[in-house]
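Chains as they are written, first to last, in our numbering: chain H, 807 to 940; chain C, 807 to 940; chain L, 807 to 940; chain U, 807 to 940.
Heads up, the beta-carbon is just placed ideally off N, CA and C, and yes, glycines get one too.
The structure under discussion appears below in the form of structure tokens.
4 protein chains.
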Amino acid sequence: MHTTRIQVRLAETDQNGVVYYSQYFVYFDVAKTRFLRRMGLDPIGLGEPGQKLLAAEAGCTFHAPARFEDLVNVSSWVRKTGNSSVVFDFEVSRGETLLAEGYLVNVLVGGDGKPVRLPQDARLRLIRYVKKQS
Amino acid sequence: MHTTRIQVRLAETDQNGVVYYSQYFVYFDVAKTRFLRRMGLDPIGLGEPGQKLLAAEAGCTFHAPARFEDLVNVSSWVRKTGNSSVVFDFEVSRGETLLAEGYLVNVLVGGDGKPVRLPQDARLRLIRYVKKQS
Amino acid sequence: MHTTRIQVRLAETDQNGVVYYSQYFVYFDVAKTRFLRRMGLDPIGLGEPGQKLLAAEAGCTFHAPARFEDLVNVSSWVRKTGNSSVVFDFEVSRGETLLAEGYLVNVLVGGDGKPVRLPQDARLRLIRYVKKQS
Amino acid sequence: MHTTRIQVRLAETDQNGVVYYSQYFVYFDVAKTRFLRRMGLDPIGLGEPGQKLLAAEAGCTFHAPARFEDLVNVSSWVRKTGNSSVVFDFEVSRGETLLAEGYLVNVLVGGDGKPVRLPQDARLRLIRYVKKQS
């Protein structure tokens, strides 16, 4: 598990006075970037030149709104790895309050946009952070 | 069904040369806004003063990337209505190519942030657009 | 002169209930993109492979706020062209109300990031749209 | 003078591989928010209920591009205060490299959108940070 702290910007709120919903996916990506760096992996293509991590699927459940200047914590886990994919889980909270839960499926693609196998070194680093079932 | 045409802006692309993934949720919201207006409904609170539609859940599957200046069509349906919620389905396509599919669950809340029943008039307008099962 | 119509998105508002100020620069860029296309020019690098138009300077004066769902017109002019630069002027209005006035200085750079001369064909197309002094 | 550190997000880059130009104005606003908090002032309306700081003018000169994951420093000063306005100056740098310089004119408005005088307490706090002429 890895936690990233983010402070809500005015630009991220909307006229309802809360953080606009698509913004949570930006927070997920910021958290994922730092999480991969913590693992020693490059967030663009896991270190393989010409390869890229692209979004294949993403989702979020919104529990309570975040507001301007809130300090939120984004916790990140690896849910699982596939042949060419990684699934990340996220929780956004403010203090003890859970604000949102979501996930992101990334696929590693080569220069031709086709999926490629995750490098063995990257896979080993990722699975060390797989969330334990409780 | 309702279709909204959107042209991809440079600001919406990222350094991978494609539309950044969270941006699709903005497209969904633009399409939903115009879809509700087409139904004669106010996109903020379905016409009820002090009430607001807030995002409760959202998800997207990404099939192919959109690029700068692409003209994409966002098709919108009502999947179902609940006591205080509406589920919208979306498809983003460029010509014959399906780029992304997603959904958005909105809940109508009152001034205290608690869910309130959808107004009967709004419900009747929404269910006219419920996607037919095939 | 060229005019682009844009409808304000919920994502573009902030908790003050108005369009967030940096968003006007996105509108300028959308207008510039369509303006260059109208002139027959490629908005990325004016048609020269490997060359790019980058922002060198930009400014905006805000007169009145735009709000969610407003239909705004962004009028665009070429103020002048330099050896490797173009200056665009913009006006954002809603009906008869002037909302904002701004400008953008773009410089054409080569693959090494150094300024290059505007292609003669592009210059000729641009100067046809230079704003007449009144 | 006050300095805020910001790390560039993938969402903030565009297909040119650099931070999109309007994003610098978001960075200015983030820096201003923290700068005002450092002064003991509320960034929404300087502490006066129902009053708001709105953007009246803004500009930026771009010297060198910022890229994904760059750690940039945004230095902020108060250039001057008027009856109802404040002018902030900003510099964005990465290490020793100056990336951008800009400014933001804010006007304090009341509930009717009309300019109101800066509270005396806020003015005293602001002028303590006025940039010294060299």
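Positions along the segment 857-881 of chain H whose CB lies within less than 8 Å of some CB in chain C: Those would be Lys858, Leu860, Ala861, Ala862, Glu863, Ala864, Gly865, Cys866, Thr867, Phe868, Pro871, in chain order.
Is it buried or exposed for aspartate 820 of chain U, if we count other Cβ within 10 angstroms and need 16 for buried? Buried is the call here.
May I ask you to report which of helix, strand or coil DSSP gives leucine 932 of chain L? In this structure, leucine 932 of chain L counts as helix in the three-state DSSP scheme.
For the alpha helix (DSSP H) containing phenylalanine 841 of chain U, list its first residue and its last residue. For phenylalanine 841 of chain U, the enclosing alpha helix (DSSP H) has its first and last residue at 829-844.
Going by C-alpha distance, which of H:Leu910, H:Ser890, H:Asp835 is nearest alanine 817 of chain U? Answer by Cα proximity: H:Asp835.
DSSP three-state call for glutamine 926 of chain L: helix, strand or coil? Of the three classes helix, strand and coil, the one that applies to glutamine 926 of chain L here is helix, per DSSP.
Inter-stretch contact at 8 Å, needing at least 3 Cβ pairs: the segment 857-877 of chain H / the segment 859-877 of chain C: Contact between the segment 857-877 of chain H and the segment 859-877 of chain C is established, with three or more Cβ pairs separated by less than 8 Å.
Please decide whether serine 890 of chain U counts as near chain L, where near means a Cβ-Cβ distance under 8 Å. It does not: the Cβ of serine 890 of chain U has no partner Cβ on chain L nearer than 8 Å.
By the 10 Å Cβ neighbour count, where 16 or more other Cβ atoms means buried, how is alanine 872 of chain U classified, buried or exposed? When all chains shown are included, alanine 872 of chain U counts as buried.
Is there at least one Cβ from chain H nearer than 8 Å to leucine 816 of chain L's Cβ? So, interface residue.
At 3 residues or longer, what runs of the beta strand (DSSP E) sit wholly inside the segment 838-903 of chain L? Along the length of the segment 838-903 of chain L, whole beta strand (DSSP E) runs at least 3 residues long occupy 858-868, 877-887, 891-900, reported in chain order.
Would the segment 913-922 of chain C and the segment 851-860 of chain L be scored as touching if the rule is three or more Cβ pairs under 8 Å? Counting Cβ pairs under 8 Å, fewer than three are found: no touch.
Under a CB-based cut-off of 8 Å, is threonine 819 of chain H close to chain L? At least one beta carbon of chain L lies nearer than 8 Å to the beta carbon of threonine 819 of chain H.
Out of H:Leu904, H:Glu897, H:Thr903, H:Gly901, which one is the CA nearest neighbour of leucine 910 of chain H? With distances taken between Cα atoms, leucine 910 of chain H lies closest to H:Glu897.
Cβ of valine 832 of chain H within 8 Å of any chain C Cβ: So yes, valine 832 of chain H belongs to the interface.
Enumerate in chain order the residues of its own chain whose CB-to-CB distance from valine 915 of chain L is below 6 Å, with the five nearest sequence positions on each side excluded. Within the same chain, valine 915 of chain L has close Cβ partners Lys858, Leu860, Pro921.
Please list, in chain order, all residues of the same chain as methionine 845 of chain H whose beta carbon is under 6 Å from its beta carbon, the five residues on each side excluded. Excluding positions up to five away in sequence, the list reads Arg931.
With a cut-off of 8 Å, does the C-beta of tyrosine 935 of chain C fall near any C-beta of chain H? Chain H, which has no Cβ nearer than 8 Å to the Cβ of tyrosine 935 of chain C, makes this no.
Measure how close the beta-carbons of serine 882 of chain C and phenylalanine 894 of chain C come, nearest whole angstrom, since I'm counting them as under 8 Å. Cβ atoms of serine 882 of chain C and phenylalanine 894 of chain C come within 8 Å of each other, at about 6 Å.
Kindly identify the DSSP beta-bridge partner or partners of arginine 811 of chain L. By DSSP's assignment, arginine 811 of chain L forms a beta bridge with L:Asn879.
Distance, Cα to Cα, alanine 928 of chain U vs arginine 840 of chain U? Alanine 928 of chain U and arginine 840 of chain U: Cα-Cα distance of roughly 15 Å.
On the DSSP bridge list, what partners appear for tyrosine 909 of chain H? Residue pairing by DSSP places tyrosine 909 of chain H opposite H:Gly865, H:Asp895 in a beta bridge.
Could you work out which residues of chain H lie near aspartate 835 of chain U, taking near to mean beta carbons separated by less than 9 Å? At a C-beta separation below 9 Å, aspartate 835 of chain U has these neighbours in chain H: Arg815, Leu816, Ala817.
Opposing strand residues paired with leucine 914 of chain C [DSSP bridges]: Within the DSSP bridge table, the entry for leucine 914 of chain C names C:Leu859 as partners.
Consider the Cβ of serine 899 of chain C: report whether some Cβ of chain H lies at a distance smaller than 8 Å. It does not: the Cβ of serine 899 of chain C has no partner Cβ on chain H nearer than 8 Å.
Contact defined as beta carbons within less than 8 Å: I believe glutamine 813 of chain U pairs with glutamate 875 of chain U. What is the distance between those atoms, to the nearest angstrom? About 6 Å separates the two Cβ atoms, so the contact holds.
Under the rule that 16 or more other beta-carbon atoms within 10 Å means buried, what is threonine 942 of chain L, buried or exposed? The structure shown does not extend to residue 942 of chain L, since chain L is modelled only from 807 through 940, so no value can be given for it.
Backbone CA spacing between leucine 847 of chain U and glycine 823 of chain L [nearest angstrom]: Using only the alpha carbons, I get a separation of about 21 Å.
Where does asparagine 912 of chain H land, buried or exposed, given buried means 16+ other C-beta within 10 angstroms? Under a 10 Å Cβ-count criterion, asparagine 912 of chain H is classified as buried, with 16 or more other Cβ atoms of the shown protein chains found around its own Cβ.
Same chain, Cβ closer than 6 Å to tyrosine 935 of chain C, neighbours up to 5 away in sequence not counted: So the list reads Val884, once near-sequence residues are dropped.
Given that a residue counts as buried once 16 or more other Cβ atoms are within 10 Å of its Cβ, and exposed if not, what is lysine 838 of chain U? By the neighbour-count rule (16 or more Cβ atoms within 10 Å), lysine 838 of chain U is buried.
Considering Cα atoms alone, identify which of L:Leu924, L:Val880, L:Leu904, L:Leu905 is closest to methionine 807 of chain L. When only C-alpha atoms are compared, the closest one is L:Val880.
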